[in-house]
Amino acid sequence: MDEAELRELLSVAGLRLLDSLPAWESTADVVRTVSELRKAGHSPALVAAVLSQSKLRAKAAAKFGPFAASMLFTEAGLEQATRLSVAALHAGRFQRAGLHWIADLGCGIGADALALAALELEVTAVELDEATAAIAAYNLAPWANARVDHHDAETFVLTGVDGVYLDPARRNESKRLRNPADWSPSLDFAFDLARRYPTGIKLGPGVDRDLIPAEAEAQWVSVDRDVVELGLWFGPLARDGVRRSALVVGAHGTAELVASADSADADVGSLGSYVYEPDGAVIRARLIGDLARSLDARMLDTSIAYLTADSAIATPFATCFRVLESFPLDQRILKREIAARGIGTLEIKKRGVDIDPATFRTALAPKGTNSATLILTRLAGKRRALLVERA
Numbered sequence: 511m512d513e514a515e516l517r518e519l520l521s522v523a524g525l526r527l528l529d530s531l532p533a534w535e536s537t538a539d540v541v542r543t544v545s546e547l548r549k550a551g552h553s554p555a556l557v558a559a560v561l562s563q564s565k566l567r568a569k570a571a572a573k574f575g576p577f578a579a580s581m582l583f584t585e586a587g588l589e590q591a592t593r594l595s596v597a598a599l600h601a602g603r604f605q606r607a608g609l610h611w612i613a614d615l616g617c618g619i620g621a622d623a624l625a626l627a628a629l630e631l632e633v634t635a636v637e638l639d640e641a642t643a644a645i646a647a648y649n650l651a652p653w654a655n656a657r658v659d660h661h662d663a664e665t666f667v668l669t670g671v672d673g674v675y676l677d678p679a680r681r682n683e684s685k686r687l688r689n690p691a692d693w694s695p696s697l698d699f700a701f702d703l704a705r706r707y708p709t710g711i712k713l714g715p716g717v718d719r720d721l722i723p724a725e726a727e728a729q730w731v732s733v734d735r736d737v738v739e740l741g742l743w744f745g746p747l748a749r750d751g752v753r754r755s756a757l758v759v760g761a762h763g764t765a766e767l768v769a770s771a772d773s774a775d776a777d778v779g780s781l782g783s784y785v786y787e788p789d790g791a792v793i794r795a796r797l798i799g800d801l802a803r804s805l806d807a808r809m810l811d812t813s814i815a816y817l818t819a820d821s822a823i824a825t826p827f828a829t830c831f832r833v834l835e836s837f838p839l840d841q842r843i844l845k846r847e848i849a850a851r852g853i854g855t856l857e858i859k860k861r862g863v864d865i866d867p868a869t870f871r872t873a874l875a876p877k878g879t880n881s882a883t884l885i886l887t888r889l890a891g892k893r894r895a896l897l898v899e900r901a
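So for the sequence shown, the numbering used here puts the first residue at 511; every next one is plus one.
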C-alpha cells in the first residue's frame, strides 16, 4: 500500500465510504459498483482504495471473524497476520507468566498486539513499514493500553519492557526470504533478545529444525488441519519440561500433545482395520510415536507418517479411516476397481510415493455416484493403494 492510497483510505470520506459498503462478494459486479461510486462523486483513487480494503476485510474474516469488519489490512500484512484465536493463546502465555509490558517487534497489522491489549497488558507495537504501522495504529486505536511506534525493531529502545514478542517479516514485495539473516528483524537478533527477555518468536512451520535453540519450547500449531506456525518460547514463557508441542485447534476446541523431546518412533507392523493420518502439527513436532502409542497403533513404514491399528479411537490429533481394501499400486488394477464400485468422487492422499494425485485421479477416470478415498503409500517398503472411508 503506497502513501497516496493510505491517505485516501484514512480520510474521513474514505472510512465512511468503506463502512457504508455491503459485505464483499466474489460474485459481485465490480465494474458496476465502481461506476455507481464514481457517479456518486467519489474520486477514482478513493474508490480503488475502499474496494481493495473491502475485499481484504472479506478475506480476513477467516482469521479475525466479525472483528475483520472494523479493521484495516494490507495484503502482505493479512497474509502473515496471526489468526485471532491463536493470538489469544500467545497473549495468554504472557499473562500467565506475570508480565505487564510487552514489546511486539515487527507487529505488522497488529493482530498479536490486539490480543495482548485485550488482556489489559501494556503493549508497544513496533513496525518499520510506515503504511503498515498506520494500519496497526488504526486497528489498536480502541485500546488505550496499546501504542504503535514507526521504528526499526532492531534499534528500538526496550527500557521498561518486561517481555518481547517477534513475528519476523519473511518476505519482501516480490518473494519469500529463505535466509533468516534477511528477515526483519533477523533471527539472530530475535535469539539474542531471548537471552535477555522472556520472548516469544513466531516462525513458519517449515523452518529448519536445526535452528531451534535447545532451551526453547517449540510449539507447532494447526488450525482446522492446516499447520499455520511454529512458536518458540523462552524463559518463563516456556513450560517446564516441555520442548516439543503439537497444538491442534479446530471444531473440537484445542488439544495438545507435549513432550520433553522428539518422540521415538513406534514399531512397524502389518496393516490393520484402520489407518490414521496424523495432524500436520504432530508430524512437524515429531510426536508421531507418542501418538501411535496412545492409540495402540503401529507405523505402516519406518519413514512414512501413517499409522495403523485394529480398532478406532477418536482423537483430535489424527484423521481415522476404515480400510476397505488393499491393492498393489497399479493404475490398471485401480482403474478397474474404481469403475466396478461406481466411484465418481475420489479423494487421493499420498505419502512416500512419487505420484501427482491430480494426474493420477484423471488417469483413473472415476465415474459414478459413490465416493471414496484412496491412500497411496508404502507398506513395509512395498507400494500399495488403500481404499478407505472416513471412520
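Note that CB positions come from ideal geometry on N, CA and C, so glycine has one too. Quick caveat, the model's predicted, so the values are computed rather than measured.
In this structure, how does DSSP classify residue i when only helix, strand and coil are distinguished?
| i | result |
| --- | --- |
| I853 | strand |
| E847 | helix |
| F666 | coil |
| S505 | Residue 505 cannot be examined here, being either before or after the span of the chain that is shown, 511 to 901. |
| N470 | Residue 470 cannot be examined here, being either before or after the span of the chain that is shown, 511 to 901. |
| D864 | coil |
| E640 | helix |
| V560 | helix |
| H660 | strand |
| V792 | helix |
| E787 | strand |
| Y648 | helix |
| K712 | strand |
| A828 | strand |
| S595 | helix |
| S813 | coil |
| F744 | coil |
Are the beta-carbon atoms of residue i and residue j separated by less than 7 Å?
| i | j | result |
| --- | --- | --- |
| L713 | L740 | yes |
| L609 | D672 | yes |
| A623 | A656 | yes |
| L525 | Q563 | no |
| R688 | A728 | no |
| L668 | P708 | no |
| R567 | A578 | yes |
| Y784 | R706 | no |
Would you mind working out which of the options sits nearest residue i, comparing C-alpha positions?
| i | options | result |
| --- | --- | --- |
| E664 | A654, R657, Y675 and R517 | Y675 |
| Y786 | D800, A822 and I848 | A822 |
| T887 | T855, R900, T812 and R719 | T812 |
| A625 | A607, E637, L650 and R606 | L650 |
| I793 | L810, Y784 and D772 | D772 |
| L834 | L797, I885 and R686 | I885 |
| L629 | R900, D639 and A654 | A654 |
| T543 | E857, K860 and K565 | K565 |
| E585 | V522, V636, V541 and A641 | A641 |
| R893 | F827, I814 and W743 | I814 |
Within 10 angstroms of the Cβ of residue i, are there 16 or more other Cβ atoms? Answer buried if so, exposed if not.
| i | result |
| --- | --- |
| E518 | buried |
| A533 | exposed |
| E515 | buried |
| L767 | buried |
| K573 | buried |
| V759 | buried |
| G710 | buried |
| A895 | buried |
Is there a Cβ of chain C sitting closer than 7 Å to that of residue i, yes or no?
| i | result |
| --- | --- |
| V674 | Included in the structure is just one protein chain, with no chain C present. |
Practice prompt. Would you check if the segment 867–883 and the segment 793–808 touch, i.e. whether three or more CB-CB distances between them fall below 8 Å?
Written response: Touching, no, given that fewer than three Cβ pairs across the two stretches are closer than 8 Å.
Discussion item. Is it the case that the segment 639–650 contacts the segment 616–631, given that we only count it when at least three CB pairs across the two stretches are under 8 Å?
Written reply: Flag = yes, the segment 616–631 and the segment 639–650 touch.
Discussion item. Using a Cβ distance threshold of 8 Å, determine whether the segment 729–747 contacts the segment 704–718, with at least three qualifying pairs required.
Written reply: Enough Cβ pairs lie closer than 8 Å, so yes.
Item to complete: Would you check if the segment 872–882 and the segment 848–857 touch, i.e. whether three or more CB-CB distances between them fall below 8 Å?
Response: The segment 848–857, when compared against the segment 872–882, does touch it at the 8 Å Cβ threshold.
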